[in-house]
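Visitor: As they're listed, the protein sequences go chains A and B. At position 205 of the first sequence the residue is numbered 205 (the working numbering), and the sequence of numbers has no breaks. In the working numbering, each residue's number is its place in the second sequence (first place is 1) plus 318. Note that beta-carbon positions come from the ideal geometry of N, C-alpha and C, so glycine has one too. Predicted, not measured: the structure shown is a model, and the values here were computed from it. Questions regarding the structure given below will be posed in turn.
2 protein chains.
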Amino acid sequence: MKAIVTGAAGFIGSTLVDRLLAEGHDVTGFDNFSTGFRQFLEGALVHPRFRLIEGDLLDLDAVKHAVAGADFVFHLGANADVRFGPDHPRRDLDQNAIATWNVLEAMRRTGVRRIAFSSTGSVYGEHHVFPTPEDAAFPVQTSLYGASKLAAEGLISAYAAAFEFRTFIFRFVSILGERYTHGHVFDFYRQLLAHPDRLDVLGNGHQRKSYLYVQDCVSAILLATSTCTAPVNIFNLGAAEYCEVNDSIGWIAGHLGLKPELRYAGGERGWIGDSPFIFLDCSRMRALGWTPKLTIQQGIIRTLEFLQANRWVLDTRK
Amino acid sequence: MKAIVTGAAGFIGSTLVDRLLAEGHDVTGFDNFSTGFRQFLEGALVHPRFRLIEGDLLDLDAVKHAVAGADFVFHLGANADVRFGPDHPRRDLDQNAIATWNVLEAMRRTGVRRIAFSSTGSVYGEHHVFPTPEDAAFPVQTSLYGASKLAAEGLISAYAAAFEFRTFIFRFVSILGERYTHGHVFDFYRQLLAHPDRLDVLGNGHQRKSYLYVQDCVSAILLATSTCTAPVNIFNLGAAEYCEVNDSIGWIAGHLGLKPELRYAGGERGWIGDSPFIFLDCSRMRALGWTPKLTIQQGIIRTLEFLQANRWVLDTRK
């Protein structure tokens, strides 16, 4: 198969690139390196079946050029940070919704008809059903990030109906593991390097979240996309468990051998649009035979070990 | 109140303008006249409390200028035709999603915080629950039109969460009545003027749809927006009944005294993205004391009478 991966230099994208190459596929990576890292493609770049295209998803011609001739587009390029929407109200719309339209339109114009998309559990807003299934009650959006991902989902489904695409929408919880470059483990570890005796925590520490190890995430994507044939296939992807932010702090501090003073900002939510409880019902994905291999705790430790071995990553983000 | 109405020269927009003026409000109409009619604003244009701004919703500066100083934005400007999405895959995204983002952003930058939005029952896709309530199971989009309206809904809700907007989302069935300028009554009447002995019908005639008379629609909007104070208020708007396309044909032909031969294109759907059954649960709106005054049949007859008295409208659409 000839596969395109957008966001190929990102955390999940680069992991998917490596797995696709290992499975024997031809892979074109597409990335604008706005948040991705060339280092994550070190292995791929010396692989004979890998090709890198530097380009922006907002440049329709560049996207058309990249996807022409592909069998499958794995569209992971996105603004992946849920937290700063209110500071940049256009960014999510551009990088998630309009970029996705460009990918779809580039595919339509070049005759490519299969796409997988990295959506988010944030599209459920602050739901009242846990674990939340894919067909939960019609949610109300609470973040620009979730809204822009939902917009992309809608466009993808509409293209499936209008132009006979086969589409895969994966609603992720937060993903953990090697090449992780933003999120609470990143923030906490950086803080503890700077001041091992204290940790500032957004919210009250009781936010409950589910997580998933990146290789388990990629395994699910590869399994579903090679198995399912419906026009629209929607899957939640997450662990069968959740933890409190405080649990995560305990594991991180324990791994580092620290006992920091915890300073809570307070409130149920870590930021505007934060959902105090995210826990997805993944039985639809499990019915395909998938099961995560790592627990949340194991995923957090792997993440820490990666950051400890790759301190340069910490220096690249504000 | 100082109200802005986008799409002010359109079918529903111009009707809302007249009602707001009649209630004593100051009204600014905003329209680019791409599909609106100056004739629909004849009364408003001579009213001392009405101001018209010709501008495009894709021009953020123009929108900012229009909304500055307003108390309430009634955002009805849109691509309102569900049928031709696949012919113009970018149009719905531009005119529904991005235009709505411009309105929200213009409001944010000028300190305006209340908005009502004309969404659509098409956001339910091909649902399996009838009548369909606002919190029906998370739908899968089947049209670019529905997807773009859902994108706008999501942005509106996210702005409510991020910037303390008070927002109103109305999911319309097809609206009927005076100033109606596109849709099946329009198409059928024009056909029957050209050839009274036959009528080409999209689909098999058994598509089931609900409709609502435009004055009943505007009454609901005015009631909900003056009553509800939640950050996000979502209401279905439709009649408590539905009819088959064949019922509608019978009423139209009967009113015109014709017995045309019916030529069905066949199939469950009239076009790509058509939903074979649209019937919304409007009990949430009814709980506010609202009830439609006209039946679907009465609405269709009013529509026909308007078109008979305003044949110029028929000449303006391809």
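1. Select from A:S148, A:V17 and A:A62 the residue whose C-alpha is nearest the C-alpha of G43 of chain A.
2. Give the straight-line distance between the Cα atoms of A386 of chain B and A396 of chain B, rounded to the nearest whole angstrom.
3. Per DSSP, what kind of secondary structure is V17 of chain A in: helix, strand or coil?
4. Pull up the distance between the alpha-carbon of M425 of chain B and that of R431 of chain B, whole angstroms please.
5. Is it buried or exposed, V447 of chain B, if we count other Cβ atoms within 10 angstroms and call 16 or more buried?
6. For W608 of chain B, is the classification buried or exposed, using 16 other Cβ atoms within 10 angstroms of its Cβ as the cut-off for buried?
7. Taking only beta-carbon positions, decide if Q141 of chain A is within less than 7 Å of chain B.
8. Run through DSSP, which three-state label would I567 of chain B get?
9. Expressed to the nearest angstrom, what Euclidean distance is found between the alpha-carbon atoms of G154 of chain A and G588 of chain B?
10. What does DSSP give as the partner residue(s) for S436 of chain B in the beta ladder?
11. For the putative contact between V27 of chain A and F50 of chain A, defined by C-beta atoms under 8 Å, what is the C-beta separation to the nearest angstrom?
12. Quick one: is G591 of chain B near chain A, going by C-beta distance under 7 Å?
13. Please confirm if A480 of chain B has its CB atom under 7 Å from at least one CB of chain A.
14. How would you label T227 of chain A, buried or exposed, when you count the other beta carbons within 10 angstroms and need 16 or more for buried?
15. Which one of B:L511, B:D399, B:C600 and B:W630 has the shortest CA to CA distance from I570 of chain B?
16. Looking at F172 of chain A and T132 of chain A, is the spacing between their C-beta atoms short of 7 Å?
17. Taking DSSP's pairing of strands, which residues face L370 of chain B in a bridge?
18. In chain order, what residues of the same chain lie with their CB nearer than 6 Å to the CB of V631 of chain B, ignoring the 5 residues before and after it?
19. Kindly indicate which three-state DSSP category F163 of chain A falls into: helix, strand or coil?
20. Name, please, each residue of chain B whose Cβ falls closer than 9 Å to the Cβ of L280 of chain A.
21. Counting along the chain, where does the alpha helix (DSSP H) carrying R311 of chain A start and finish?
22. What residue from A:Y189, A:Y213 and A:V232 has the CA that sits closest to D315 of chain A's CA?
23. Could you confirm whether any beta carbon from chain B is found closer than 7 Å to the beta carbon of E268 of chain A?
24. Report all residues from its chain with a CB closer than 6 Å to the CB of T485 of chain B; omit the five preceding and five following residues, and keep chain order.
25. What's the gap between the Cα of L144 of chain A and the Cα of A417 of chain B?
26. Can the beta-carbon of G354 of chain B be found closer than 7 Å to that of L394 of chain B?
27. List, in chain order, every chain A residue whose beta-carbon is nearer than 9 Å to that of L411 of chain B.
28. S34 of chain A: buried (16+ other C-beta within 10 angstroms of its C-beta) or exposed?
29. Does E623 of chain B get closer than 7 Å to chain A when you measure Cβ to Cβ?
30. In this structure, how does DSSP classify Y213 of chain A when only helix, strand and coil are distinguished?
31. Cα separation between F30 of chain A and L258 of chain A?
32. Taking Cβ-Cβ distances below 8 Å as the criterion, which residues of the region 540 to 559 of chain B are in contact with chain A?
33. Taking the alpha-carbon of R286 of chain A as reference, which of A:N310, A:A224 and A:H255 has the nearest alpha-carbon?
34. Specify the secondary structure class of Y242 of chain A as computed by DSSP and reduced to three states.
35. Helix, strand or coil: how does DSSP classify K2 of chain A here?
36. Please confirm whether A78 of chain A has its beta-carbon closer than 7 Å to some beta-carbon of chain B.
Guide: In this structure, then:
1. On the first sequence, residue 43 of chain A is found 43 positions in, with the first residue counted as 1. Among A:S148, A:V17 and A:A62, the Cα nearest to that of G43 of chain A belongs to A:V17.
2. Stepping through the second sequence from its first residue, residue 386 of chain B is reached at position 68. Stepping through the second sequence from its first residue, residue 396 of chain B is reached at position 78. Those two C-alpha atoms are separated by around 20 Å.
3. As a first step, residue 17 of chain A is located in the first sequence; it is residue number 17 there, counting from the start. Helix.
4. By 1-based counting over the second sequence, the position of residue 425 of chain B is 107. By 1-based counting over the second sequence, the position of residue 431 of chain B is 113. So the alpha carbons of these two residues sit roughly 6 Å apart.
5. In the second sequence, residue 447 of chain B corresponds to position 129, counting from 1. V447 of chain B should be labelled exposed.
6. For this step, residue 608 of chain B is matched to residue 290 along the second sequence. Per the 10 Å Cβ criterion, buried.
7. The sequence position of residue 141 of chain A within the first sequence is 141, counting from 1. So yes, Q141 of chain A belongs to the interface.
8. By one-based count along the second sequence, residue 567 of chain B stands at place 249. Note: I567 of chain B maps to helix in three-state DSSP.
9. To locate residue 154 of chain A, count along the first sequence from 1; it is residue 154. To locate residue 588 of chain B, count along the second sequence from 1; it is residue 270. When rounded, the distance between both Cα atoms is 21 Å.
10. Here the question's residue 436 of chain B lines up with position 118 in the second sequence. S436 of chain B is bridged to B:F488.
11. Numbered from its first residue, the first sequence carries residue 27 of chain A at position 27. Numbered from its first residue, the first sequence carries residue 50 of chain A at position 50. With 8 Å as the limit, V27 of chain A and F50 of chain A qualify as a contact, their Cβ atoms being about 5 Å apart.
12. Residue 591 of chain B sits at position 273 when you count from the first residue of the second sequence. Chain A contact via Cβ: present.
13. Working through the second sequence from its first residue, we reach residue 480 of chain B at position 162. Yes, contact with chain A.
14. By one-based count along the first sequence, residue 227 of chain A stands at place 227. Its Cβ having fewer than 16 others within 10 Å, T227 of chain A is exposed.
15. Taking the first residue of the second sequence as position 1, residue 570 of chain B is located at position 252. With distances taken between Cα atoms, I570 of chain B lies closest to B:L511.
16. By 1-based counting over the first sequence, the position of residue 132 of chain A is 132. By 1-based counting over the first sequence, the position of residue 172 of chain A is 172. No. Outside cutoff.
17. Counting from 1 along the second sequence, the entry for residue 370 of chain B is found at position 52. Beta-bridge pairing links L370 of chain B to B:G347.
18. Here residue 631 of chain B refers to the residue found at position 313 of the second sequence. Excluding positions up to five away in sequence, the list reads T499.
19. Looking up residue 163 of chain A in the first sequence gives position 163. F163 of chain A: helix per DSSP, three-state reduction.
20. For the purposes of this step, residue 280 of chain A is identified with residue 280 of the first sequence, where counting begins at 1. Near L280 of chain A there are no residues of chain B at all, since even the closest Cβ is about 12 Å away, more than 9 Å.
21. Along the first sequence, read from residue 1 onward, the residue named residue 311 of chain A stands at position 311. Per DSSP, R311 of chain A belongs to the alpha helix (DSSP H) from R311 to D315.
22. For this step, residue 315 of chain A is matched to residue 315 along the first sequence. The candidate whose alpha carbon is nearest that of D315 of chain A is A:Y189.
23. On the first sequence, position 268 is the one that residue 268 of chain A refers to. No, E268 of chain A does not count as interfacial toward chain B.
24. Position 167 of the second sequence, counted from the first residue, corresponds to residue 485 of chain B. The answer, listed in chain order, is I433, I474, A478 and V550.
25. Reading the first sequence from its first residue, position 144 is the one you call residue 144 of chain A. Reading the second sequence from its first residue, position 99 is the one you call residue 417 of chain B. Answer to the nearest angstrom: the Cα atoms are 16 Å apart.
26. One-based indexing of the second sequence puts residue 354 of chain B at position 36. One-based indexing of the second sequence puts residue 394 of chain B at position 76. The answer is no: Cβ separation not under 7 Å.
27. The residue labelled residue 411 of chain B in the question sits at position 93 within the second sequence. Neighbours of L411 of chain B on chain A, chain order: A97, I98, W101, A151 and L155.
28. Stepping through the first sequence from its first residue, residue 34 of chain A is reached at position 34. With fewer than 16 Cβ atoms within 10 Å of its Cβ, S34 of chain A is classed as exposed.
29. Residue numbering aside, residue 623 of chain B sits at position 305 when the second sequence is read from its first letter. With 7 Å as the cut-off, E623 of chain B does not count as an interface residue toward chain A.
30. By 1-based counting over the first sequence, the position of residue 213 of chain A is 213. Three-state DSSP puts Y213 of chain A in a strand.
31. Reading the first sequence from its first residue, position 30 is the one you call residue 30 of chain A. Reading the first sequence from its first residue, position 258 is the one you call residue 258 of chain A. If I take the Cα positions, the gap works out to 40 Å.
32. V550 and I552
33. Here residue 286 of chain A is taken as the residue at index 286 of the first sequence, counted from 1. Nearest of A:N310, A:A224 and A:H255 to R286 of chain A, Cα basis: A:A224.
34. In the first sequence, residue 242 of chain A corresponds to position 242, counting from 1. Coil, per DSSP.
35. As a working note, residue 2 of chain A is residue 2 in the first sequence. Three-state DSSP puts K2 of chain A in a strand.
36. As a working note, residue 78 of chain A is residue 78 in the first sequence. Cβ-Cβ to chain B under 7 Å: no for A78 of chain A.
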